[in-house]
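Participant: The numbering used here puts the first residue of the sequence shown at 2, with every later residue one more than the last.
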Amino acid sequence: MHLKDIINDNNRLFMEDRIPEEYKTDYFYHTVADMHAVALPINTDEVIGLVKYSVQKDIPIVVRGAGTGVTGAQVPFVGGELVIDMKLMNRILDLDEETMTLTVEPGVLLQDIQELVEQRGYFYPPDPGSKHSTIGGNVATNAGGMRAVKYGTTRDYVRELEVVLPDGNLVTLGSLNIKNSSGYDLKNLFIGSEGTLGITTKIKLKLLSLPKYKQSILLAFDSLQEASNAVITILKNGIEPTALELFEKGTIEYSERYLNMKLQSQLGKAYILMTIDGNDKDVLNHQIITVNHLLSNKSREIIVLGNDEEEKKAWKLRDNILVALMQFTQYEMLDEVVPINKIAELINYTKELQDKHGIEVINFGHAGDGNIHTVLMKGDLSEDDWQMKRKAYLDDLYQKVGELGGLPSAEHGIGLLKKPYLEKMKNPVELNLMKTIKNAIDPQNRLNPGKIF
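Below you can see the structure in the form of C-alpha coordinates.
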(Lines of atoms letter the chains of each structure in order from A and count residues from 1; the text may use other names and numbers.)
(Lines give C-alpha, C1' and ligand atoms only; values in the text may rest on other atoms or scores of the structure.)
Protein backbone atom coordinates (compact mmCIF):
# COMPACT_ATOMS: atom_id res chain seq x y z
CA MET A 1 0.00 0.00 0.00
CA HIS A 2 1.16 3.53 -0.82
CA LEU A 3 -0.23 6.87 0.30
CA LYS A 4 -1.12 7.71 -3.29
CA ASP A 5 -3.43 4.70 -3.31
CA ILE A 6 -5.48 6.51 -0.66
CA ILE A 7 -5.16 10.14 -1.78
CA ASN A 8 -4.21 10.56 -5.43
CA ASP A 9 -4.23 14.35 -5.43
CA ASN A 10 -1.04 16.41 -5.25
CA ASN A 11 -3.01 19.24 -3.64
CA ARG A 12 -3.94 16.99 -0.71
CA LEU A 13 -0.82 14.87 -0.25
CA PHE A 14 2.62 16.32 0.47
CA MET A 15 5.85 14.42 0.97
CA GLU A 16 9.54 15.27 1.48
CA ASP A 17 10.43 18.70 0.04
CA ARG A 18 6.80 19.39 -0.94
CA ILE A 19 5.64 19.63 2.67
CA PRO A 20 4.44 23.25 3.17
CA GLU A 21 6.19 25.45 5.72
CA GLU A 22 3.03 25.89 7.79
CA TYR A 23 3.46 22.32 9.06
CA LYS A 24 7.13 22.77 9.94
CA THR A 25 6.71 25.69 12.31
CA ASP A 26 4.65 26.45 15.39
CA TYR A 27 4.39 29.74 17.28
CA PHE A 28 4.52 28.17 20.73
CA TYR A 29 6.57 24.99 20.17
CA HIS A 30 9.59 25.73 18.02
CA THR A 31 11.32 22.33 17.63
CA VAL A 32 8.89 20.66 15.21
CA ALA A 33 10.19 17.21 14.24
CA ASP A 34 10.53 15.92 10.68
CA MET A 35 7.42 14.22 9.30
CA HIS A 36 6.73 11.34 6.96
CA ALA A 37 4.05 13.18 4.98
CA VAL A 38 1.06 15.49 5.27
CA ALA A 39 -2.34 14.25 4.10
CA LEU A 40 -5.60 16.16 3.84
CA PRO A 41 -8.52 13.71 3.72
CA ILE A 42 -11.99 14.73 2.55
CA ASN A 43 -14.03 11.85 3.98
CA THR A 44 -14.05 9.16 6.66
CA ASP A 45 -12.99 6.40 4.25
CA GLU A 46 -9.77 8.28 3.49
CA VAL A 47 -9.07 8.74 7.20
CA ILE A 48 -9.54 4.99 7.74
CA GLY A 49 -7.22 4.30 4.81
CA LEU A 50 -4.55 6.62 6.22
CA VAL A 51 -4.72 4.96 9.63
CA LYS A 52 -4.49 1.47 8.13
CA TYR A 53 -1.50 2.59 6.06
CA SER A 54 0.16 3.85 9.24
CA VAL A 55 -0.52 0.54 10.97
CA GLN A 56 0.99 -1.38 8.05
CA LYS A 57 4.07 0.84 7.88
CA ASP A 58 4.30 1.29 11.69
CA ILE A 59 4.18 5.09 11.39
CA PRO A 60 2.90 7.40 14.17
CA ILE A 61 0.11 9.88 13.45
CA VAL A 62 -0.52 13.49 14.40
CA VAL A 63 -3.94 15.00 13.68
CA ARG A 64 -4.46 18.75 13.33
CA GLY A 65 -7.19 21.21 12.44
CA ALA A 66 -6.69 24.96 12.12
CA GLY A 67 -3.35 24.89 13.95
CA THR A 68 -4.53 27.35 16.62
CA GLY A 69 -3.43 25.20 19.58
CA VAL A 70 -1.01 26.77 22.06
CA THR A 71 0.57 23.71 23.72
CA GLY A 72 2.30 21.93 20.83
CA ALA A 73 -0.31 19.16 20.72
CA GLN A 74 -0.71 19.41 16.93
CA VAL A 75 2.96 19.16 15.90
CA PRO A 76 5.22 16.15 15.22
CA PHE A 77 7.40 15.31 18.21
CA VAL A 78 9.05 11.88 17.88
CA GLY A 79 9.87 12.26 14.16
CA GLY A 80 8.51 10.46 11.12
CA GLU A 81 4.83 11.12 11.87
CA LEU A 82 2.11 11.15 9.26
CA VAL A 83 0.30 14.47 9.76
CA ILE A 84 -3.42 14.18 9.01
CA ASP A 85 -4.86 17.65 8.49
CA MET A 86 -8.65 17.58 8.86
CA LYS A 87 -9.38 21.10 7.59
CA LEU A 88 -10.93 19.94 4.30
CA MET A 89 -13.51 17.83 6.13
CA ASN A 90 -15.45 21.02 6.74
CA ARG A 91 -19.04 20.34 5.80
CA ILE A 92 -22.08 21.19 7.89
CA LEU A 93 -24.13 18.07 7.22
CA ASP A 94 -27.48 18.54 8.90
CA LEU A 95 -29.53 20.71 11.25
CA ASP A 96 -32.20 18.57 12.89
CA GLU A 97 -34.70 20.97 14.41
CA GLU A 98 -36.68 18.20 16.09
CA THR A 99 -33.73 17.07 18.22
CA MET A 100 -32.02 20.51 18.10
CA THR A 101 -28.84 18.83 16.85
CA LEU A 102 -26.27 20.03 14.33
CA THR A 103 -24.16 17.41 12.53
CA VAL A 104 -20.77 18.60 11.32
CA GLU A 105 -17.41 17.36 10.14
CA PRO A 106 -14.39 18.13 12.34
CA GLY A 107 -12.87 20.78 10.06
CA VAL A 108 -15.81 23.19 10.34
CA LEU A 109 -14.75 26.47 11.96
CA LEU A 110 -16.35 27.52 15.22
CA GLN A 111 -17.42 30.91 13.84
CA ASP A 112 -19.23 29.24 10.92
CA ILE A 113 -21.20 27.06 13.34
CA GLN A 114 -22.14 30.02 15.52
CA GLU A 115 -23.18 32.18 12.56
CA LEU A 116 -25.28 29.45 10.92
CA VAL A 117 -27.24 28.40 13.98
CA GLU A 118 -27.88 31.95 15.15
CA GLN A 119 -29.35 32.80 11.75
CA ARG A 120 -31.82 29.98 12.37
CA GLY A 121 -32.67 31.10 15.90
CA TYR A 122 -30.43 28.63 17.72
CA PHE A 123 -27.42 28.98 19.98
CA TYR A 124 -24.15 27.04 20.28
CA PRO A 125 -22.74 28.38 23.58
CA PRO A 126 -19.04 27.28 23.74
CA ASP A 127 -17.04 30.37 22.82
CA PRO A 128 -13.24 29.93 22.98
CA GLY A 129 -11.16 32.95 22.03
CA SER A 130 -10.07 31.64 18.63
CA LYS A 131 -13.18 31.69 16.45
CA HIS A 132 -11.03 30.31 13.63
CA SER A 133 -10.42 27.09 15.53
CA THR A 134 -12.06 23.92 14.20
CA ILE A 135 -14.80 22.11 16.04
CA GLY A 136 -12.65 18.96 15.95
CA GLY A 137 -9.92 20.83 17.77
CA ASN A 138 -12.47 22.16 20.26
CA VAL A 139 -13.57 18.59 20.97
CA ALA A 140 -9.96 17.41 21.28
CA THR A 141 -9.23 19.96 24.03
CA ASN A 142 -12.72 20.28 25.53
CA ALA A 143 -12.48 23.99 24.74
CA GLY A 144 -14.37 26.33 27.05
CA GLY A 145 -14.14 30.04 26.53
CA MET A 146 -15.97 33.05 27.84
CA ARG A 147 -19.48 31.62 28.18
CA ALA A 148 -18.44 28.57 30.21
CA VAL A 149 -19.41 30.23 33.49
CA LYS A 150 -23.11 29.84 32.58
CA TYR A 151 -23.24 27.30 29.78
CA GLY A 152 -20.32 24.94 30.34
CA THR A 153 -17.68 23.66 27.91
CA THR A 154 -17.61 21.77 24.61
CA ARG A 155 -18.19 18.47 26.43
CA ASP A 156 -21.65 19.64 27.47
CA TYR A 157 -22.72 20.10 23.83
CA VAL A 158 -21.45 16.93 22.15
CA ARG A 159 -24.18 14.33 21.74
CA GLU A 160 -22.37 11.90 19.46
CA LEU A 161 -18.93 11.31 17.95
CA GLU A 162 -17.86 9.20 14.99
CA VAL A 163 -14.27 8.15 15.67
CA VAL A 164 -11.58 6.23 13.79
CA LEU A 165 -9.61 4.18 16.31
CA PRO A 166 -5.83 3.58 16.22
CA ASP A 167 -6.33 0.23 14.44
CA GLY A 168 -8.53 1.75 11.71
CA ASN A 169 -11.86 0.57 13.06
CA LEU A 170 -14.78 3.01 13.07
CA VAL A 171 -16.95 3.52 16.15
CA THR A 172 -19.84 5.78 17.14
CA LEU A 173 -19.74 7.06 20.72
CA GLY A 174 -22.74 8.64 22.45
CA SER A 175 -26.17 9.03 20.88
CA LEU A 176 -29.08 11.42 20.47
CA ASN A 177 -30.55 10.09 23.72
CA ILE A 178 -30.42 12.73 26.44
CA LYS A 179 -29.86 10.25 29.26
CA ASN A 180 -27.44 7.33 29.29
CA SER A 181 -26.59 4.90 32.04
CA SER A 182 -25.60 2.09 29.69
CA GLY A 183 -22.02 1.19 30.44
CA TYR A 184 -18.91 3.36 30.45
CA ASP A 185 -19.19 6.90 29.09
CA LEU A 186 -16.68 6.47 26.27
CA LYS A 187 -17.76 9.61 24.44
CA ASN A 188 -16.62 11.85 27.27
CA LEU A 189 -13.38 9.89 27.60
CA PHE A 190 -12.46 10.84 24.03
CA ILE A 191 -13.47 14.50 24.46
CA GLY A 192 -10.39 16.34 25.73
CA SER A 193 -8.00 13.49 24.88
CA GLU A 194 -5.96 15.73 22.51
CA GLY A 195 -5.93 13.29 19.61
CA THR A 196 -4.24 10.51 21.61
CA LEU A 197 -7.13 8.00 21.53
CA GLY A 198 -8.89 8.41 18.18
CA ILE A 199 -9.59 10.62 15.17
CA THR A 200 -12.97 12.35 15.16
CA THR A 201 -14.66 12.33 11.74
CA LYS A 202 -18.21 13.43 12.56
CA ILE A 203 -19.80 15.31 15.46
CA LYS A 204 -23.42 15.81 16.51
CA LEU A 205 -23.75 18.98 18.59
CA LYS A 206 -26.53 19.95 20.96
CA LEU A 207 -28.07 23.37 20.31
CA LEU A 208 -30.11 25.68 22.51
CA SER A 209 -32.70 28.29 21.63
CA LEU A 210 -31.07 31.67 21.07
CA PRO A 211 -31.71 33.96 24.07
CA LYS A 212 -33.94 36.90 23.15
CA TYR A 213 -32.09 39.52 25.17
CA LYS A 214 -28.54 40.26 26.30
CA GLN A 215 -26.76 43.13 27.98
CA SER A 216 -23.11 43.83 28.70
CA ILE A 217 -21.75 45.78 31.69
CA LEU A 218 -18.25 47.13 32.31
CA LEU A 219 -17.04 47.58 35.90
CA ALA A 220 -13.82 49.35 36.95
CA PHE A 221 -11.98 48.71 40.23
CA ASP A 222 -8.95 50.13 42.01
CA SER A 223 -7.34 46.70 42.48
CA LEU A 224 -7.42 43.11 41.33
CA GLN A 225 -8.49 42.04 44.82
CA GLU A 226 -11.55 44.30 44.65
CA ALA A 227 -12.40 42.99 41.17
CA SER A 228 -12.00 39.40 42.36
CA ASN A 229 -14.22 40.07 45.37
CA ALA A 230 -16.81 41.52 43.00
CA VAL A 231 -16.82 38.29 40.97
CA ILE A 232 -17.71 36.30 44.07
CA THR A 233 -20.36 38.86 45.06
CA ILE A 234 -21.98 38.61 41.62
CA LEU A 235 -22.09 34.82 41.64
CA LYS A 236 -23.34 34.60 45.25
CA ASN A 237 -26.31 36.89 44.70
CA GLY A 238 -28.33 35.15 42.04
CA ILE A 239 -26.74 36.82 39.03
CA GLU A 240 -26.18 34.36 36.17
CA PRO A 241 -23.65 36.00 33.85
CA THR A 242 -23.16 34.54 30.39
CA ALA A 243 -19.57 35.78 30.50
CA LEU A 244 -17.55 37.25 33.34
CA GLU A 245 -14.14 38.42 32.17
CA LEU A 246 -11.44 39.99 34.35
CA PHE A 247 -8.42 41.87 33.03
CA GLU A 248 -5.84 44.38 34.19
CA LYS A 249 -5.55 47.91 32.86
CA GLY A 250 -2.05 47.10 31.60
CA THR A 251 -3.50 44.14 29.66
CA ILE A 252 -6.25 45.96 27.80
CA GLU A 253 -3.82 48.76 26.90
CA TYR A 254 -2.23 46.44 24.33
CA SER A 255 -5.57 46.10 22.56
CA GLU A 256 -6.18 49.83 22.79
CA ARG A 257 -2.86 50.53 21.08
CA TYR A 258 -3.43 47.86 18.43
CA LEU A 259 -7.03 48.82 17.59
CA ASN A 260 -6.57 52.56 18.16
CA MET A 261 -9.63 52.76 20.38
CA LYS A 262 -10.20 53.20 24.10
CA LEU A 263 -12.12 51.09 26.58
CA GLN A 264 -15.21 52.94 27.82
CA SER A 265 -13.72 53.27 31.31
CA GLN A 266 -10.23 54.57 31.98
CA LEU A 267 -10.55 54.53 35.77
CA GLY A 268 -8.96 52.07 38.15
CA LYS A 269 -6.47 49.25 37.61
CA ALA A 270 -8.71 46.24 36.98
CA TYR A 271 -11.91 45.60 35.04
CA ILE A 272 -14.77 43.14 34.81
CA LEU A 273 -16.61 42.84 31.52
CA MET A 274 -19.77 40.82 31.90
CA THR A 275 -22.76 39.85 29.79
CA ILE A 276 -26.16 38.73 31.01
CA ASP A 277 -28.66 37.02 28.70
CA GLY A 278 -32.13 35.49 28.91
CA ASN A 279 -35.65 35.40 27.53
CA ASP A 280 -37.32 37.65 30.11
CA LYS A 281 -36.34 41.28 29.76
CA ASP A 282 -37.68 42.19 33.21
CA VAL A 283 -35.52 39.53 34.86
CA LEU A 284 -32.48 40.74 32.94
CA ASN A 285 -33.13 44.37 33.96
CA HIS A 286 -33.55 43.26 37.57
CA GLN A 287 -30.14 41.60 37.47
CA ILE A 288 -28.55 44.80 36.13
CA ILE A 289 -30.16 46.79 38.95
CA THR A 290 -28.89 44.20 41.45
CA VAL A 291 -25.33 44.50 40.12
CA ASN A 292 -25.48 48.27 40.52
CA HIS A 293 -26.88 47.96 44.04
CA LEU A 294 -24.26 45.43 45.14
CA LEU A 295 -21.21 47.08 43.62
CA SER A 296 -21.85 50.81 43.20
CA ASN A 297 -19.94 51.60 46.42
CA LYS A 298 -17.18 49.06 45.73
CA SER A 299 -16.23 50.01 42.18
CA ARG A 300 -14.81 53.10 40.54
CA GLU A 301 -17.34 53.01 37.72
CA ILE A 302 -20.18 50.86 36.37
CA ILE A 303 -21.09 51.36 32.72
CA VAL A 304 -24.10 49.63 31.15
CA LEU A 305 -23.14 49.35 27.49
CA GLY A 306 -26.35 50.69 26.08
CA ASN A 307 -26.19 49.72 22.41
CA ASP A 308 -24.75 47.06 20.13
CA GLU A 309 -21.95 49.32 18.92
CA GLU A 310 -20.65 50.01 22.42
CA GLU A 311 -20.98 46.37 23.41
CA LYS A 312 -19.11 45.18 20.31
CA LYS A 313 -16.37 47.73 20.95
CA ALA A 314 -15.74 46.50 24.50
CA TRP A 315 -15.73 42.83 23.51
CA LYS A 316 -13.55 43.55 20.49
CA LEU A 317 -10.94 45.04 22.79
CA ARG A 318 -11.15 41.99 25.06
CA ASP A 319 -11.02 39.51 22.15
CA ASN A 320 -7.96 41.14 20.56
CA ILE A 321 -5.62 41.04 23.55
CA LEU A 322 -3.52 38.19 22.15
CA VAL A 323 -3.60 39.44 18.57
CA ALA A 324 -2.36 42.78 19.88
CA LEU A 325 0.42 41.16 21.88
CA MET A 326 1.74 39.45 18.74
CA GLN A 327 2.47 42.88 17.31
CA PHE A 328 4.73 43.81 20.21
CA THR A 329 6.49 40.72 21.57
CA GLN A 330 6.86 36.97 21.57
CA TYR A 331 4.81 35.48 24.38
CA GLU A 332 3.60 32.30 26.03
CA MET A 333 -0.02 32.12 27.21
CA LEU A 334 -1.07 29.86 30.07
CA ASP A 335 -4.54 28.69 31.07
CA GLU A 336 -4.20 27.68 34.69
CA VAL A 337 -7.34 27.26 36.77
CA VAL A 338 -7.91 27.71 40.51
CA PRO A 339 -11.00 27.91 42.77
CA ILE A 340 -12.67 31.24 42.07
CA ASN A 341 -11.91 32.61 45.52
CA LYS A 342 -8.17 32.17 44.81
CA ILE A 343 -8.03 34.22 41.59
CA ALA A 344 -6.70 37.43 43.14
CA GLU A 345 -4.14 35.56 45.24
CA LEU A 346 -2.77 33.80 42.17
CA ILE A 347 -2.71 36.91 39.99
CA ASN A 348 -0.90 38.84 42.72
CA TYR A 349 1.60 35.98 42.93
CA THR A 350 2.24 36.20 39.17
CA LYS A 351 3.35 39.80 39.80
CA GLU A 352 5.67 38.71 42.60
CA LEU A 353 7.24 36.22 40.19
CA GLN A 354 7.54 38.95 37.57
CA ASP A 355 9.83 40.87 39.90
CA LYS A 356 11.64 37.73 41.06
CA HIS A 357 12.45 36.35 37.60
CA GLY A 358 12.59 39.49 35.47
CA ILE A 359 9.83 38.52 33.03
CA GLU A 360 7.01 40.93 32.22
CA VAL A 361 3.60 39.37 32.84
CA ILE A 362 -0.01 40.35 32.21
CA ASN A 363 -3.22 38.54 33.18
CA PHE A 364 -6.77 38.19 31.94
CA GLY A 365 -9.26 35.41 32.24
CA HIS A 366 -12.63 33.84 32.73
CA ALA A 367 -13.12 34.95 36.30
CA GLY A 368 -16.46 33.22 36.75
CA ASP A 369 -14.88 29.77 36.51
CA GLY A 370 -11.41 30.50 37.91
CA ASN A 371 -9.61 30.18 34.57
CA ILE A 372 -6.71 32.65 34.36
CA HIS A 373 -4.65 33.41 31.27
CA THR A 374 -1.24 34.44 32.52
CA VAL A 375 0.89 35.71 29.64
CA LEU A 376 4.69 35.67 29.83
CA MET A 377 6.31 38.16 27.46
CA LYS A 378 9.79 37.76 26.06
CA GLY A 379 10.36 41.44 25.35
CA ASP A 380 14.02 42.14 24.62
CA LEU A 381 15.38 39.08 26.44
CA SER A 382 17.85 36.92 24.52
CA GLU A 383 16.63 33.44 23.63
CA ASP A 384 18.86 31.83 26.27
CA ASP A 385 17.69 34.25 28.99
CA TRP A 386 14.06 33.83 27.91
CA GLN A 387 14.20 30.04 28.16
CA MET A 388 15.99 30.10 31.51
CA LYS A 389 13.74 32.71 33.11
CA ARG A 390 10.61 31.19 31.58
CA LYS A 391 11.32 27.77 33.09
CA ALA A 392 12.12 29.19 36.52
CA TYR A 393 8.94 31.27 36.42
CA LEU A 394 6.75 28.33 35.38
CA ASP A 395 8.25 26.04 38.03
CA ASP A 396 7.29 28.53 40.75
CA LEU A 397 3.90 29.38 39.26
CA TYR A 398 2.63 25.84 38.83
CA GLN A 399 3.79 24.94 42.34
CA LYS A 400 1.59 27.75 43.62
CA VAL A 401 -1.31 26.68 41.41
CA GLY A 402 -1.11 23.23 42.95
CA GLU A 403 -0.97 24.64 46.47
CA LEU A 404 -4.15 26.61 45.77
CA GLY A 405 -5.96 23.46 44.61
CA GLY A 406 -5.68 24.33 40.93
CA LEU A 407 -4.70 22.55 37.72
CA PRO A 408 -2.29 23.40 34.87
CA SER A 409 -4.91 23.57 32.12
CA ALA A 410 -8.56 24.64 32.04
CA GLU A 411 -9.18 24.62 28.28
CA HIS A 412 -6.02 24.48 26.14
CA GLY A 413 -4.87 20.99 27.05
CA ILE A 414 -1.47 19.66 28.08
CA GLY A 415 0.19 18.90 24.74
CA LEU A 416 3.97 19.10 25.01
CA LEU A 417 4.51 22.32 26.94
CA LYS A 418 2.72 21.37 30.15
CA LYS A 419 3.74 17.72 30.44
CA PRO A 420 6.30 18.27 33.23
CA TYR A 421 3.77 20.16 35.32
CA LEU A 422 0.96 17.65 34.86
CA GLU A 423 3.31 14.96 36.13
CA LYS A 424 4.09 17.01 39.24
CA MET A 425 0.53 18.09 39.96
CA LYS A 426 -1.44 14.90 39.29
CA ASN A 427 -1.62 12.03 41.75
CA PRO A 428 0.63 9.22 40.40
CA VAL A 429 -2.22 6.72 40.69
CA GLU A 430 -4.47 8.93 38.54
CA LEU A 431 -1.69 9.54 36.01
CA ASN A 432 -1.00 5.80 35.75
CA LEU A 433 -4.71 5.19 35.20
CA MET A 434 -4.59 7.60 32.25
CA LYS A 435 -1.58 5.76 30.83
CA THR A 436 -3.37 2.42 31.26
CA ILE A 437 -6.35 3.72 29.28
CA LYS A 438 -4.07 5.03 26.54
CA ASN A 439 -2.24 1.70 26.35
CA ALA A 440 -5.52 -0.25 26.19
CA ILE A 441 -6.91 1.79 23.27
CA ASP A 442 -3.62 2.56 21.50
CA PRO A 443 -1.09 -0.13 22.53
CA GLN A 444 1.33 0.85 19.75
CA ASN A 445 1.27 4.49 20.90
CA ARG A 446 0.40 5.47 17.33
CA LEU A 447 -1.80 8.51 17.88
CA ASN A 448 -0.11 11.75 18.89
CA PRO A 449 2.83 10.09 20.67
CA GLY A 450 4.62 12.08 23.35
CA LYS A 451 1.66 14.31 24.15
CA ILE A 452 0.02 14.76 27.59
CA PHE A 453 2.37 12.30 29.36
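Every residue, glycine too, gets a C-beta built ideally from N, C-alpha and C.
Being a predicted model, the structure only gives us computed values, none of them experimental.
#1: Using DSSP bridges, identify the partner residues of T375.
#2: Could you say which of E98, K88 and G122 lies nearest to L111 if we only look at CA atoms?
#3: In chain order, which continuous runs of the beta strand (DSSP E) of length 3 or greater are located wholly inside the stretch 183-258?
#4: I200 and I363: beta carbons closer than 8 Å?
#5: Going by DSSP in three states, A40 sits in which element: helix, strand or coil?
#6: Span of the alpha helix (DSSP H) holding V402?
#7: Going by DSSP, name the residue or residues bridged to F329.
#8: Between the stretch 377-386 and the stretch 430-445, do at least 3 Cβ pairs fall closer than 8 Å?
#9: Taking the straight line between their C-alpha atoms, what separation do you get for Q328 and M262?
#10: Determine the burial state of K313: buried for a count of at least 16 other Cβ atoms within 10 Å of its Cβ, exposed for fewer.
#11: Please name the residue, chosen from Q120, T26, Y350 and V292, that lies closest to L225 on a Cα-to-Cα basis.
#12: Are the stretch 223-242 and the stretch 280-297 touching, with three or more C-beta to C-beta distances below 8 Å?
#13: My assumption, with CB atoms under 8 Å, is that V105 sits in contact with L174. Please give the rounded CB distance.
#14: To the nearest angstrom, report how far apart H31 and A393 are at their CA atoms.
#15: DSSP three-state call for L306: helix, strand or coil?
#16: Taking DSSP's pairing of strands, which residues face Y123 in a bridge?
#17: Measuring alpha carbon to alpha carbon, tell me which of L418, V79, L14 and L423 ends up nearest Q400.
#18: In terms of residues, what are the limits of the beta strand (DSSP E) holding T437?
#19: Put T351 into one of helix, strand or coil per three-state DSSP.
#20: Whole angstroms is fine: what's the gap from E98's alpha carbon to Y214's?
#21: Look up G279 in the DSSP assignment and say whether it is helix, strand or coil.
#22: Take T154 as the anchor and find which of I7, E161, L162 and T142 has the nearest alpha-carbon.
#23: To which residues of the same chain is L211 closer than 7 Å at the C-beta, ignoring the five residues directly before and after it?
#24: Please classify H133: is it buried, with 16 or more other beta-carbons within 10 angstroms of its beta-carbon, or exposed?
#25: Determine the closest residue to M16 out of I136, Y28, F29 and D35, with distance taken between C-alpha atoms.
#26: Are T135 and E163 touching if we call contact CB-CB under 8 Å?
#27: Quick check on E17 - is its C-beta less than 8 Å from some C-beta in chain D?
#28: Quick check on M275: buried or exposed, where buried means 16 or more other Cβ atoms within 10 Å of its Cβ?
#29: Let me know the secondary structure DSSP gives E412 once reduced to three states.
#30: Rank K425, L166, M334 and K188 by C-alpha distance to the C-alpha of G70 and give the top, closest one.
#31: Can you find a heavy atom of the ligand GDP that lies under 7 Å from the Cβ of T155?
#32: Tell me which residue opens and which closes the beta strand (DSSP E) that G175 is part of.
#33: Identify, in the order they occur along the chain, each residue of the same chain with its Cβ nearer than 7 Å to the Cβ of D279, setting aside the five sequence neighbours on each side.
#34: Which class does G146 belong to by DSSP, given the choice of helix, strand or coil?
#35: Does DSSP put Y272 in a helix, a strand or coil?
#36: Pick helix, strand or coil for I453, following the three-state DSSP scheme.
Facilitator: In this structure, then:
#1: N364.
#2: Nearest Cα to L111 within the set E98, K88 and G122: K88.
#3: Counting only runs that start and end inside the stretch 183-258, the beta strand (DSSP E) elements of at least 3 residues fall at 200-207, 214-222 and 242-249.
#4: Not in contact: I200 and I363 (Cβ atoms no closer than 8 Å).
#5: In the displayed model, A40 falls within a strand according to three-state DSSP.
#6: First-last of the alpha helix (DSSP H) with V402: E384 to E404.
#7: Looking at the DSSP assignment, F329 forms no beta bridge with any residue, so it has no partner.
#8: Look at the beta carbons and you see the stretch 377-386 not touching the stretch 430-445: under three pairs across the two are nearer than 8 Å.
#9: Taking the straight line joining both Cα atoms gives about 16 Å.
#10: It is exposed - the Cβ of K313 has fewer than 16 other Cβ atoms within 10 Å.
#11: Relative to the Cα of L225, the nearest Cα in the group Q120, T26, Y350 and V292 belongs to Y350.
#12: These segments touch.
#13: The Cβ separation is near 16 Å, so there is no contact.
#14: Going by the C-alpha atoms only, they are around 19 Å apart.
#15: Shown here, L306 sits in a strand according to DSSP, grouped into three states.
#16: DSSP, once it has assigned bridges, lists S210 as partnering Y123.
#17: Ranked by Cα distance from Q400, the options L418, V79, L14 and L423 are led by L423.
#18: No beta strand (DSSP E) holds T437; the alpha helix (DSSP H) holding it covers P429 to I442.
#19: The answer is helix: DSSP assigns T351 an H, G or I state.
#20: Y214 has its alpha-carbon roughly 22 Å from the corresponding atom of E98.
#21: Secondary structure of G279 (DSSP, three-state): strand.
#22: Comparing Cα positions, the closest option is T142.
#23: The beta carbon of L211 sits closer than 7 Å to those of E119, G122, Y123 and F124, all from its chain and outside the five residues before and after it, given in chain order.
#24: By the 10 Å Cβ count, H133 comes out exposed.
#25: The alpha carbon of M16 has as its nearest neighbour, out of I136, Y28, F29 and D35, the alpha carbon of D35.
#26: With respect to the 8 Å criterion, T135 and E163 are not classified as neighbours on the basis of their beta carbons.
#27: Of the chains in the structure shown, none is chain D; there is only one protein chain.
#28: By the 10 Å Cβ count, M275 comes out buried.
#29: Three-state DSSP puts E412 in coil, outside helix and strand.
#30: Ranking the options by Cα distance to G70, first place goes to M334.
#31: The model on display carries no ligand, and the ligand GDP is accordingly not part of it.
#32: Residues L171 to G175.
#33: Here residue 279 is Gly; the residue named in the question, Asp, does not match the sequence. If the five residues before and after G279 are omitted, its C-beta is found closer than 7 Å to the C-beta atoms of P212, Y214 and L285, all from its own chain and listed in chain order.
#34: Strand at G146.
#35: In the displayed model, Y272 falls within a strand according to three-state DSSP.
#36: In the three-state reduction of the DSSP assignment, I453 falls in the coil class.
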